[in-house]
Amino acid sequence: MDAAARPEDEINRLRQQIRHHERLYYIENSPAISDAEFDYMMRRLAELEEQHPPLASADSPTRRVGGQPAEEFTPVRHNPALPMLSLDNAYSLAELGKFHQRVVKNLGHEKFQYTVEPKIDGLSVSLIYEKGALTLGATRGDGTTGEDVTANVRTIRSVPLVVEHGATPARFEVRGEVYIHRDAFERINEKREEEGQAPFANPRNCAAGSLRLLDSRITAARPLDIFLYALYITDDQGRPLEHPATATQSGAVEFMAALGFRTPDIHLCPGLDQVKEAIAGFGARRDLLDYEIDGVVVKVDSARLQTELGATSKFPRWAIAYKYAAVQAQTKLLDIQVQVGRTGALTPVAILAPVSLSGSTIARATLHNQDEIEKKDIRIGDTVLIEKGGEVIPKVVKAVEEDRAGDERKFIMPATCPVCGAVASRQEGEAVTRCTGVACPAQIKERLLHYTTRGAMDIDHAGPAIIEQLVEEGLAHDPADLYSLTVEQARGLERMAEKSAANLVKAIGASKQRPLERLVFALGIRHVGARAGAVLARHFGSMDALMAAGKEEMEKIHEIGGITAGSVALFFSQEANRRVIGKLKAAGVNMTSSQPSAGEKTLLGKQFVLTGTLASMARNEAKARIENLGGRVTSSVTKKTDYIVAGAEPGSKAEKARELGIPILEEKDLLEMLGS
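When we follow the numbering used here, the leftmost residue of the sequence shown carries the number 593, and every step to the right adds one.
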């Protein structure tokens, strides 16, 4: 900073920058700077405000937690007695020692224990249970107000919808971190890059973005998980109650585990030396975990002492997050190779001199696209810095320019596809270069894999090895060719016995009856994910109507933007794609939607609440069928609720419905309404 600059100018600049980066991190799930850089700005601002008290402001970023909730979800105010505070950070053992000194000074003694648990790199949530049933799931938001994501939380298989335990309190709240496993994150990013979408920067962004989707069906397709680390037992008014289970942090975690919640590994430490040992132990094991941790959380174990220590407006004084540094290494960039995906996307991949990083040998790293390479000025032959932080696939951080010898070569995206030789082109406004060859073997393989995957046509036994052989043997050039595969042909594939061949052909045949929305998604149209496929199928009702629609007509559909509409129109205008649709029709693949037309919306305006277990269908399917007929499904019972559908073992929602005089339907009543 210029020495002549006024303190108020720097304070205003820092506040503006911090608010900008808070929005990127908390609202858009797209951070542009590292945690360390953000924390430095926050510390500098706090320091200036402390030095110049008249310049302090009640709305300063130093006085609150996180960012404002997104507008798309219903706001949820957290219990005022239990705000969801953030944690202060320590980046060294020296800073951790200062935290310990503050705790000892405030308590006046060292007769206490710490707990140490992994800091899961995900999205913080609050779950509320009443009479054993999950009634609310909310994000942290700004610590005071979050977002109602109950429908999405319910899709997480490790979240108990009902807690059945003799010691279950009448009303309690658990808090934790929603995250995604490393391998699932890698699969999702591969698919996004194939579809021309920007990959998630790290698992945390992936988990946060998935939990905050408006369509819970898409969330359900992403295998989110959760760890719960905090427990609060309250009365009906939300006032905290004393309970043996919440007397200590270690006891609370043990109690939550007994109730059936996933809880983190926790170490009870009698002193600072043991805390440091636990930190080292977690650090040594972090790369063996199937989820990301970016540090550990150190807490005073006693709830009574936690209350005595209290909190600032931003952080509890009884806890701190110890952050691990990202693991980096230098190596030589030997080459940049190009791989071809389902949509023809050409993706550059760094070929590295093998180097050990986090216990594994790294020989490849992602480079994403030509723009990324040019932005970082990465050249073949460079010494490069690679990093494995929150990413499954290592990334190239930068070139070590001072090590250049002068013979390094700039990378140029090839003008032709490296697999089939067709022209490679890049559309204006896009970062991705694509192969234009319709018969490219690499694209065919990836398109078939997408077509057969779960969420699309869901064809069992058709894994990557089988698809690769079908393409190499000339048995499949497009998805329609799968339906002409015979048992005899399948039996001729490597490692395919009679029974396996029969199972494959049977699974392919069974996929003919998949809903139209699955087929639209399975075709692999650029910019058309599962949600857009469902919207298009429901609106047009048949493949013929969809193929006949123009870009302008599709643009008018809610949730279908101009880019998607243009992509769909272009896809169906191409003769090769129309031929594939014709072959699919001839093979007997379902081409019509079972969705009703606008005039058949028999449940239009009706509001439903589902409770208990349904015998004939999953909860998500019931929700979808109600919505298809114009109804709406909500997560809580209010005076606006028209019907509550009670399956087996209904929870407290049925009791509340009786109190409000709301009709309670049995499953058979719902089926009649749905026309089943």
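Beta carbons: idealized from backbone N, C-alpha and C, even for Gly. For clarity, every value in this text was computed on a predicted model and none was experimentally measured.
To the nearest angstrom, report how far apart residue i and residue j are at their CA atoms.
i       : j       : result
GLU1251 : LEU1262 : 21 Å
VAL1181 : PHE1113 : 14 Å
ALA945  : TYR916  : 26 Å
MET1088 : LEU1111 : 27 Å
THR855  : ALA1216 : 32 Å
THR1008 : VAL1015 : 4 Å
THR1025 : PRO1056 : 24 Å
TYR1043 : ALA1054 : 10 Å
GLY1121 : LEU1176 : 20 Å
TYR824  : THR840  : 11 Å
VAL1127 : ALA793  : 28 Å
GLY724  : ILE748  : 17 Å
ILE858  : ARG779  : 30 Å
ALA1161 : LYS1143 : 6 Å
PRO1033 : CYS1012 : 7 Å
TYR618  : THR727  : Because the pLDDT of TYR618 is 47, which lies under 50, any placement of that residue in the model is unreliable, and the question is left without a value.
ASP995  : ILE954  : 21 Å
ILE810  : ALA997  : 49 Å
GLU966  : LEU897  : 54 Å
ALA800  : ARG774  : 14 Å
ASN671  : ALA903  : 16 Å
ASP999  : ASP974  : 9 Å
ILE1236 : THR1230 : 10 Å
PHE1132 : ARG1106 : 17 Å
Can you have a look at residue i and say buried or exposed, based on whether 16 or more other CB atoms are within 10 angstroms of its CB?
i       : result
LEU803  : buried
LEU1257 : buried
ASP594  : At ASP594, the pLDDT of 48 sits below 50, so the modelled position is not reliable and the matter cannot be decided from this model.
ASN698  : exposed
PRO661  : Because PRO661 carries a pLDDT of 42, less than 50, the predicted location of this residue cannot be relied on, and the following value inherits that uncertainty. Classification of PRO661: buried, given that the 10 Å Cβ count is 16 or more.
ARG669  : exposed
ILE1004 : exposed
GLY1125 : buried
GLY659  : Unreliable positioning characterises GLY659 in this predicted model, as indicated by a pLDDT of 41, which lies under 50. A coordinate reading is not provided.
ASP601  : exposed
LYS987  : buried
ILE871  : buried
LEU1074 : buried
ILE1155 : exposed
LYS1148 : exposed
LEU1041 : buried
HIS701  : exposed
ARG877  : exposed
GLY936  : buried
GLU1255 : The sequence given here has Pro at residue 1255, not Glu. Flag for PRO1255 reads exposed.
GLY758  : exposed
GLY1267 : exposed
Taking residue i and residue j to be in contact with their CB atoms under 8 Å, please state how far apart those CB atoms are, rounded to whole angstroms.
i       : j       : result
ILE603  : MET633  : Rounded, the Cβ-Cβ distance is 11 Å, inconsistent with contact.
GLN705  : PRO836  : Not really, about 17 Å apart at Cβ, beyond 8 Å.
LEU851  : VAL755  : 5 Å
MET1183 : MET1135 : 4 Å
Check the DSSP bridge columns for residue i and list the partner residues they point to.
i       : result
PHE764  : TYR721, ILE825
VAL888  : PRO710, TYR914
PRO908  : ALA903
ILE1059 : DSSP lists no partner for ILE1059.
SER684  : Answer is none; SER684 lacks a bridge partner.
GLY738  : VAL668
ARG1026 : ALA937, SER1017
SER894  : THR840
GLU975  : The sequence shown places Thr at residue 975, not Glu. DSSP, once it has assigned bridges, lists LYS924 as partnering THR975.
VAL1229 : According to DSSP, which records beta bridges pairwise, VAL1229 is partnered with nothing at all.
GLY729  : LEU719
Go through its chain and collect everything with a Cβ distance to residue i's Cβ below 7 Å, but skip five positions before and after it.
i       : result
LEU977  : GLN920, GLN922, VAL989, LYS990, VAL992
VAL889  : LEU679, GLU709, LYS711, ALA911, ALA913
VAL745  : VAL717, LEU719, GLY729, VAL751
GLU1219 : VAL1225
ASP713  : TYR771, PRO795, ARG796, GLU884, ILE885, ASP886, GLY982
Might you give, ordered along the chain, the residues of its own chain that have their beta carbon closer than 8 Å to the beta carbon of residue i, omitting 5 neighbours on each side?
i       : result
MET1139 : PHE1164, ARG1170, ILE1173
ALA1207 : GLY1239, ALA1240, GLU1259
PRO599  : LEU640, GLN643, HIS644, LEU647
Sorted by chain position, which residues of the same chain lie with C-beta nearer than 6 Å to residue i's C-beta, five sequence neighbours on each side aside?
i       : result
ARG1224 : GLN1199
LEU1096 : HIS1053, ALA1082
GLU983  : Note that GLU983 scores 49 on pLDDT, short of 50, meaning its location in the model is unreliable; the coordinates nonetheless yield the value given after this. These residues qualify, in order along the chain: ASN794.
ARG763  : GLU722, THR826
PRO822  : In the sequence as displayed, the identity of residue 822 is Ala instead of Pro. Cβ within range, chain order: ARG767.
SER1103 : MET1049, ILE1051
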